[in-house]
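Protein chains in written order, with the working numbering: chain A, 228 to 366; chain B, 1040 to 1128.
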């Protein structure tokens, strides 16, 4: 039983660490931010999940007691990774204005299409507020 | 066998964090740097968990949980600041 658990834990650690490396390599290698976002938001999260699963199997078998910490961290990370990826993509669109990243295949830069309604894209609906540095009462 | 797997894992994560630091330093825009920092935090959590397996100690989970929370909040706060030039409205 212990040998079997050892094999499973080792395989999970190797797979998880490799996935994390692949995600980070994608972050360093890809050409534009929207493509770069894929690596960390999927592969790296899978890598953390693999290592946490290995830890969740390792501790009851070799450490003697079971704790729900791994489950808590897994749940938290799997809930927050899509939220932060969405926030980063939204901020990228907002900071870029109406341009989009050039297509890696042909280098053509496109523009966000109009919505066809009265309302603009939600990113540009934010009120134009200048950054003011002072006491909150003066805003 | 687990010891060898852990060595491999430490090596992979060190390389991964080097890639993140490369993007953090080079990243053309601020959003790139935010993304690189977020990934760096996630990789640090994985590293802490592997270290906890090596030492067979429960203590490291608290550190990992704290880092997960602080990393998420800082990413969202940075994005919010760039989006609205304000964090708590």
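For each residue, glycine too, the CB sits at the ideal point set by N, CA and C.
To which residues does DSSP link residue i through a beta bridge?
{"i": "residue 326 of chain A", "result": "A:338"}
Which residues in the same chain have their Cβ closer than 6 Å to the Cβ of residue i, if we skip the five residues on either side of it in sequence?
{"i": "residue 298 of chain A", "result": "none"}
{"i": "residue 266 of chain A", "result": "250, 253, 254"}
{"i": "residue 327 of chain A", "result": "337"}
{"i": "residue 242 of chain A", "result": "277"}
Quick one: measure Cβ to Cβ for residue i and residue j, integer angstroms, because I've assumed they're closer than 8 Å.
{"i": "residue 1054 of chain B", "j": "residue 240 of chain A", "result": "That belief does not hold up - the Cβ atoms of residue 1054 of chain B and residue 240 of chain A are roughly 15 Å apart, past 8 Å."}
{"i": "residue 1114 of chain B", "j": "residue 311 of chain A", "result": "5 Å"}
{"i": "residue 1121 of chain B", "j": "residue 1069 of chain B", "result": "7 Å"}
{"i": "residue 244 of chain A", "j": "residue 1110 of chain B", "result": "In fact, because the Cβ distance is near 19 Å, the residues do not count as touching under 8 Å."}
{"i": "residue 1092 of chain B", "j": "residue 285 of chain A", "result": "5 Å"}
So, at 7 Å on beta carbons, what are the nonlocal neighbours of residue i in its own chain, with the 5 sequence-adjacent residues on each side left out?
{"i": "residue 1084 of chain B", "result": "1103, 1106, 1107"}
{"i": "residue 1062 of chain B", "result": "1071, 1075"}
{"i": "residue 1066 of chain B", "result": "1072, 1075"}
{"i": "residue 317 of chain A", "result": "350"}
{"i": "residue 342 of chain A", "result": "348"}
For residue i, which residues in chain B fall below 7 Å Cβ to Cβ?
{"i": "residue 274 of chain A", "result": "1085"}
{"i": "residue 247 of chain A", "result": "1051, 1052, 1055, 1082, 1085"}
{"i": "residue 369 of chain A", "result": "Residue 369 of chain A lies beyond the stretch modelled for chain A, which goes from 228 to 366, so this question has no answer here."}
Near residue i, what residues of its chain come up, given a Cβ to Cβ distance below 8 Å and the 5 sequence neighbours on each side ignored?
{"i": "residue 248 of chain A", "result": "274"}
{"i": "residue 1089 of chain B", "result": "1045, 1048, 1049, 1052"}
Which chain A residues are close to residue i, counting only those with a beta carbon under 9 Å from its beta carbon?
{"i": "residue 1100 of chain B", "result": "282, 294, 296, 297, 299, 300"}
{"i": "residue 1062 of chain B", "result": "251, 254, 255, 263"}
Would you mind working out which of the options sits nearest residue i, comparing C-alpha positions?
{"i": "residue 283 of chain A", "options": "A:235, A:256, A:320, A:228", "result": "A:235"}
{"i": "residue 1101 of chain B", "options": "A:289, A:296, A:288, A:287", "result": "A:296"}
{"i": "residue 304 of chain A", "options": "A:328, A:287, A:272", "result": "A:272"}
{"i": "residue 1077 of chain B", "options": "B:1124, B:1121, B:1127, B:1117", "result": "B:1117"}
{"i": "residue 338 of chain A", "options": "A:314, A:345, A:323", "result": "A:323"}
{"i": "residue 1086 of chain B", "options": "B:1041, B:1042, B:1050", "result": "B:1050"}
{"i": "residue 276 of chain A", "options": "A:302, A:256, A:290", "result": "A:302"}
{"i": "residue 1079 of chain B", "options": "B:1119, B:1052, B:1092, B:1040", "result": "B:1052"}
{"i": "residue 1057 of chain B", "options": "B:1127, B:1082, B:1098, B:1043", "result": "B:1082"}
Taking residue i as the query, report the chain A residues whose CB atoms sit under 7 Å from its CB, ordered along the chain.
{"i": "residue 1073 of chain B", "result": "315"}
{"i": "residue 1111 of chain B", "result": "307, 311"}
{"i": "residue 1076 of chain B", "result": "Correct list: empty, because the minimum Cβ distance to chain A is about 10 Å."}
{"i": "residue 1047 of chain B", "result": "241, 244"}
{"i": "residue 1105 of chain B", "result": "Correct list: empty, because the minimum Cβ distance to chain A is about 10 Å."}
Could you list which residues in chain A have their beta carbon closer than 8 Å to that of residue i, in chain order?
{"i": "residue 1126 of chain B", "result": "Neighbours of residue 1126 of chain B on chain A: none; closest Cβ ~12 Å, over 8 Å."}
So which residues of chain B does residue i contact, with C-beta pairs closer than 9 Å?
{"i": "residue 324 of chain A", "result": "Chain B residues near residue 324 of chain A: none, gap ~12 Å exceeds 9 Å."}
{"i": "residue 303 of chain A", "result": "1104, 1107, 1108, 1111"}
Taking Cβ-Cβ distances shorter than 8 Å, what residues in chain B pair up with residue i?
{"i": "residue 267 of chain A", "result": "1074, 1077, 1078, 1081"}
{"i": "residue 231 of chain A", "result": "Those do not exist, as residue 231 of chain A stays about 11 Å from chain B at its closest Cβ, beyond 8 Å."}
{"i": "residue 327 of chain A", "result": "Here the premise fails: no neighbours, minimum Cβ distance about 14 Å."}
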